[in-house]
Amino acid sequence: MIGSLAATLNSAAIVQGLTISPSTRPRVSVLMPCYNCEKYLEEALQSIADQTFASFEIVFVNDGSTDSSLAIARRFAGTDTRMIIIDQANGGIVTALNAGLAVCRGEYVARMDADDVSFPDRLGYQVDYMDSNPGCVIVGGLAVNNPTMAGATIKTRSRSHRRTNLRLFPPKVASALHPLIMIRRRALVAIGGYRAGFAHAEDYDLYIRLRAHGTIDNPRKHVLFYRRHEAAISIRFLEIQEQAAAAAEYDAMRGDGIALPPEWLCQPYLRLRIWRRYQDGAPDKARAMRATMLGDLLNLHPRTLICRRYFRLRLLILAATLRWATRRSSCR
46 MIGSLAATLN
56 SAAIVQGLTI
66 SPSTRPRVSV
76 LMPCYNCEKY
86 LEEALQSIAD
96 QTFASFEIVF
106 VNDGSTDSSL
116 AIARRFAGTD
126 TRMIIIDQAN
136 GGIVTALNAG
146 LAVCRGEYVA
156 RMDADDVSFP
166 DRLGYQVDYM
176 DSNPGCVIVG
186 GLAVNNPTMA
196 GATIKTRSRS
206 HRRTNLRLFP
216 PKVASALHPL
226 IMIRRRALVA
236 IGGYRAGFAH
246 AEDYDLYIRL
256 RAHGTIDNPR
266 KHVLFYRRHE
276 AAISIRFLEI
286 QEQAAAAAEY
296 DAMRGDGIAL
306 PPEWLCQPYL
316 RLRIWRRYQD
326 GAPDKARAMR
336 ATMLGDLLNL
346 HPRTLICRRY
356 FRLRLLILAA
366 TLRWATRRSS
376 CR
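Throughout, our numbering is defined as the position within the sequence shown, counted from one, plus 45.
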């Protein structure tokens, strides 16, 4: 499987920094893809260099940046020999992640985005957690939207789910905030790394495919400053991302021999996913969906009344409706 991952390295890619002896193999590989992040990159790299845990390497993948990101990375690598640089033509996030994974040598792989900031004890805490919990395949944590930790905590998508259950509908999928996870490299390699075909939801697809390898844990520990800005993929492509996430669930259900929900059930489920996300980041769009969601909640078509899957979906819509009403009330 390592060979197939290595094949993702474009023939035109240049790899710099692979000079460390196997005897000094680091425990953690920090995998950082980058495309045009010159504004924040130096701060992101410095936050890793300043970790209290020292046995790591930084695998930096420059995915065809057109700004000064590569120059910044090279300058940083000149002062820290733990950094490996892969310079390749732009191929997108999945190609970049797999190219980096192909040269990662650590027991654990820590994801890191080029515009975020890891808190100094992040790697040490996550390594200790993984060492102490051998049944855990991914450890996440909490992020804040202010680098001083004075901002609001950013919650994980499904903090209560440690294991994925695709036999329920809607499915329960264990997940974590992708830019702050630490994962066992052997499990990541065993499933073939990241997959294309699930636009902006490659992390969600990854979590689902890891369901047989262990739990996904999200301890109540702040480990990252997560930078929210208008260029963020999760903001610009929310609907596409949710469609791809649902498609990843259906693909896994099909692979497990689980009967897929009919189209008339898939549509309100997708609307619920999108509505919940809009409630968190786009209240105007969430408001515009209220009538549609109320229609799904009060749908009295006979097929919805005798369908157990729709009953559970209806409960989730009700919960989202109450959550929305509570939020609107507290804002007045």
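Note that CB positions come from ideal geometry on N, CA and C, so glycine has one too. Just so it is clear, the structure is predicted and the values come from calculations on it, not from any experiment.
Distance cut-off 7 Å: residue i Cβ against heavy atoms of the ligand COA
| i | result |
| --- | --- |
| Glu284 | Looking for the ligand COA in the displayed structure turns up nothing, as the structure carries no ligands at all. |
Residue i burial status per 10 Å Cβ neighbour count (16 or more: buried)
| i | result |
| --- | --- |
| Gly432 | A question about residue 432 goes unanswered here, because the residues of the chain that appear run from 46 up to 377. |
| Arg202 | For Arg202, the predicted model reports a pLDDT of 47, less than 50, meaning its position is unreliable and no value from the coordinates is stated. |
| Glu247 | buried |
| Trp369 | buried |
| Ala276 | For Ala276, the pLDDT reaches just 48, beneath the cut-off of 50, and the residue's location in the model is therefore unreliable, although a value from the coordinates is still provided. Exposed is the call here. |
| Thr126 | exposed |
| Ile362 | buried |
| Gly237 | exposed |
| Gly185 | buried |
| Gly109 | buried |
| Gln96 | buried |
| Ala364 | exposed |
| Pro224 | buried |
| Trp320 | buried |
Backbone secondary structure at residue i - three-state DSSP
| i | result |
| --- | --- |
| Ser203 | Since pLDDT at Ser203 reaches only 44, below the 50 mark, its modelled position is unreliable, and the value read off the structure follows with that caveat. Looking at Ser203 - three-state DSSP - the assignment turns out to be coil, as it is neither helix nor strand. |
| Met227 | strand |
| Ala235 | helix |
| Asn210 | strand |
| Leu305 | coil |
| Val172 | helix |
| Ala188 | strand |
| Arg357 | helix |
Residue nearest to residue i in terms of C-alpha spacing, selected from the options
| i | options | result |
| --- | --- | --- |
| Leu187 | Ser163, Arg208, Gln286 and Ile59 | Ser163 |
| Tyr85 | Val106, Asp132 and Asp160 | Asp160 |
| Gly259 | Met175, Asn344, Ser74 and Ser374 | Met175 |
| Ile285 | His223, Arg322 and Gly300 | Arg322 |
| Ala222 | Arg231, Tyr295 and Lys266 | According to the sequence provided, residue 222 is Leu. The question's Ala does not apply to it. It is Lys266. |
| Arg254 | Asn263, Val218 and Gln133 | Val218 |
| Glu152 | Ser100, Gly185, Asp341 and Arg207 | Ser100 |
| Arg230 | Ser74, Pro179 and Leu269 | Ser74 |
| Pro269 | Thr69, Tyr239, Leu358 and Arg156 | Checking the displayed sequence, the identity of residue 269 turns out to be Leu instead of Pro. Nearest C-alpha to Leu269: Arg156. |
| Phe98 | Gly169, Leu305 and Arg272 | Gly169 |
| Ala327 | Arg281, Asn210, Phe105 and Pro216 | Arg281 |
| Glu87 | Pro306, Leu317, Ala118 and Glu102 | Ala118 |
| Asn81 | Asp95, Asp158, Ala94 and Thr69 | Asp158 |
| Ala12 | Val182, Val148 and Phe356 | Since the first residue shown for the chain is 46 and the last is 377, residue 12 is missing from the structure and cannot be characterised. |
| Ala241 | Thr209, Ala292, Asn263 and Asn210 | Ala292 |
| Ile103 | Asp112, Gln91, Thr111 and Ser113 | Gln91 |
| Tyr295 | Val148, Cys79, Phe214 and Thr111 | Phe214 |
Beta-ladder partner(s) of residue i, from DSSP
| i | result |
| --- | --- |
| Ser220 | None; Ser220 has no bridge partner. |
| Ala155 | Val75 and Met227 |
| Cys181 | Thr260 |
| Ile362 | Note: Ile362 sits in no beta bridge, so no partner. |
| His59 | Residue 59 is actually Ile in this sequence, not His. BP columns for Ile59 point to Asp132. |
| Ser374 | Beta-bridge pairing links Ser374 to no other residue. |
Extract the residue ranges of the beta strand (DSSP E) inside the stretch 83-141, only unbroken runs of 3 or more that lie entirely within it. Correct list: 101-108 and 128-133.
Residue ranges of each alpha helix (DSSP H) within the stretch 309-346, 4 or longer: Listed in chain order, they are 328-333 and 335-342.
Going residue by residue through the stretch 248-303, where are the continuous alpha helix (DSSP H) segments of at least 4 residues, counting only ones entirely within it? Counting whole runs of 4 or more residues, the stretch 248-303 contains the alpha helix (DSSP H) stretches 278-281 and 283-300.
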